[in-house]
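Below: one structure, written as structure tokens.
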Amino acid sequence: MKKIYTIILSLGVLMSCEDYDLEDQGFVLQDLPGYVAFNAPGTSVNLSDVSVSEDDGSASFEVENPTGSLSDITVSYTLSGTAVFGVDYSIDGASASGGQVLLPINDGDVNTLIHGDIDITLLTDNVADGEKTLTITLTNAVNESGETFAVGRGGLDILRNATVIISDID
Numbered sequence: 334m335k336k337i338y339t340i341i342l343s344l345g346v347l348m349s350c351e352d353y354d355l356e357d358q359g360f361v362l363q364d365l366p367g368y369v370a371f372n373a374p375g376t377s378v379n380l381s382d383v384s385v386s387e388d389d390g391s392a393s394f395e396v397e398n399p400t401g402s403l404s405d406i407t408v409s410y411t412l413s414g415t416a417v418f419g420v421d422y423s424i425d426g427a428s429a430s431g432g433q434v435l436l437p438i439n440d441g442d443v444n445t446l447i448h449g450d451i452d453i454t455l456l457t458d459n460v461a462d463g464e465k466t467l468t469i470t471l472t473n474a475v476n477e478s479g480e481t482f483a484v485g486r487g488g489l490d491i492l493r494n495a496t497v498i499i500s501d502i503d
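Here the sequence shown stands for residues 334 to 503, where the numbers follow this note's numbering.
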């Protein structure tokens, strides 16, 4: 079946052509890479720092895969900053250096957004030690089939990091 393409050139000239292959005309179509990133509702670029107090109890970040997968995705992350793991905060299943979050597929529906949460439990240390920061950096992602995903929106550093600012309580 023949396809008809309409191409607008940078000179403002409208051109129609019949062709089976755009590459013959010097155009290359590429699929965007599958990726995982922090979800930032209402924005596509920046994730605002989350400010909490030691006694707020918890903070949470959602990690998403909007491009789809045929199986669950395991996303690895590192932890850094001035906040101390086990003293200022904890994350189930993580260690002081980092952990993993599972993004499960939704009943096999590849058209549904795949997401998982990194839940941070804030700990009250009863020490006046000032404001602390915790930075979570997504490092890699792979599904059960071994397919790797780029980290950060569109495979860029966009929405790859999340920061929690933990205020001291009196």
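Positions of the beta carbon are idealized from the N, C-alpha and C atoms, including for glycine.
- Shown here, Glu395 sits in a strand according to DSSP, grouped into three states.
- In the displayed model, Asp389 falls within a helix according to three-state DSSP.
- With 16 or more other CB atoms across the displayed protein chains lying within 10 angstroms of its CB, Ala416 is buried.
- Counting the other Cβ atoms within 10 Å of the Cβ of Gly419 gives fewer than 16, which makes it exposed.
- Exclusion of the five residues before and after Ile502 leaves Ser386, Glu387, Asp388 and Thr457 as the residues of its chain whose Cβ lies within less than 8 Å of its Cβ.
- In the three-state scheme derived from DSSP, where H, G and I count as helix and E and B as strand, Asp450 is classed as strand.
- Thr454 is positioned such that its CB atom lies closer than 8 Å to that of Ser391.
- By the beta-carbon neighbour count (other beta carbons within 10 angstroms, threshold 16), Asn398 is buried.
- Here the alpha carbons of Tyr410 and Thr468 stand approximately 10 Å from one another.
- Our two residues, Pro437 and Thr496, have alpha carbons roughly 24 Å apart in a direct line.
- Val408 is the residue among Gly359, Val408 and Glu464 whose C-alpha sits nearest the C-alpha of Leu471.
- Spatial neighbours of Phe394 in its own chain (CB-CB distance under 6 Å, excluding positions within 5 residues in sequence) are listed in chain order as Phe371, Ile451 and Ala495.
- Of the residues assessed, Ala474 falls on the buried side of the cut-off, its CB having 16 or more other CB atoms within 10 angstroms.
- Between Gly485 and Leu380, the alpha-carbon positions lie close to 12 Å from each other.
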